[in-house]
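Data first, discussion second: the structure below is written as structure tokens.
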Amino acid sequence: MKTTRLLFALMLLWTVMACKNETADPIDDTAKRAMKENNGLIGKWKLTEYLADPGDGSGTYREVTADVAHTIEFKENGEFIETKGQGQSSVPLFNAYKVLDDKRVELIPIDRSQPSHIWFYSDLSAAKVTLGYGCIEACSGKYVAVE
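Counting in the numbering used here, the sequence shown runs from 71 upward without gaps.
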């Protein structure tokens, strides 16, 4: 009888420990997964908001729609990969990058006869980054880390 109770208690304990928390915050889980993947700029990033100012300072961040949605990836070996949304050209312009300092990254074009492009980054963490695309008027994107 003691053995049966002990086995039952162990099985119950094992069952309780095996259950996962269904009420966990998915955003918090995303951030935790991102911390495992992204190290500085290195990792895969998804655009969530973008800013396109008409030149008068009135621009505000807007939620991304399918036509402008895209992901970018900075690989450890210096390779740059961009997957663009439906409303954008599917022709990639850049395939490499070089971090210049703690605020700037140089994107190197596939056609090496073309000039490189400087992007500015801020608010960098393992889970998010804001990238400024080097426009004359204000333009930037807010990204979150993805797997």
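We put the CB at the ideal spot given by N, CA and C, even for glycine.
Compare the beta carbon distance of L177 and Y191 with 7 Å and say whether it is the shorter of the two.
-> no
Please report the Cβ distance between V214 and T118, rounded to the nearest whole angstrom; I am assuming they are in contact, meaning their Cβ atoms lie under 8 Å.
-> 5 Å
7 Å Cβ shell around N108 - same chain, five flanking residues per side excluded | A196 and A215
If you drop the 5 nearest sequence neighbours on each side, which residues of the same chain put their C-beta closer than 6 Å to that of E212?
-> According to the sequence as given, residue 212 is Lys; it is not Glu. So the qualifying residues of the chain are T118, E119 and T200.
T118 (DSSP reduced to helix, strand or coil) | strand
Going straight from the alpha carbon of G148 to that of D126, what length do you get?
-> 36 Å
Which one or two residues does DSSP pair with V216 in a beta bridge?
-> K114
Span separating the alpha-carbon of G157 from that of V138 = 6 Å
Buried/exposed call for G204, threshold 16 Cβ in 10 Å = exposed
Collapsed DSSP secondary structure at S128 in the structure displayed | coil
Does the distance from the C-beta atom of H140 to that of G129 stay below 7 Å?
-> no
On a CA-only basis, which of V161, P162 and W189 is nearest T173? Give me that one, please.
-> Sequence inspection shows Lys at residue 173; the Thr mentioned does not correspond to that position. Nearest of V161, P162 and W189 to K173, Cα basis: W189.
Proximity winner among L121, S159 and K145, relative to E207 (alpha-carbon distances) | L121
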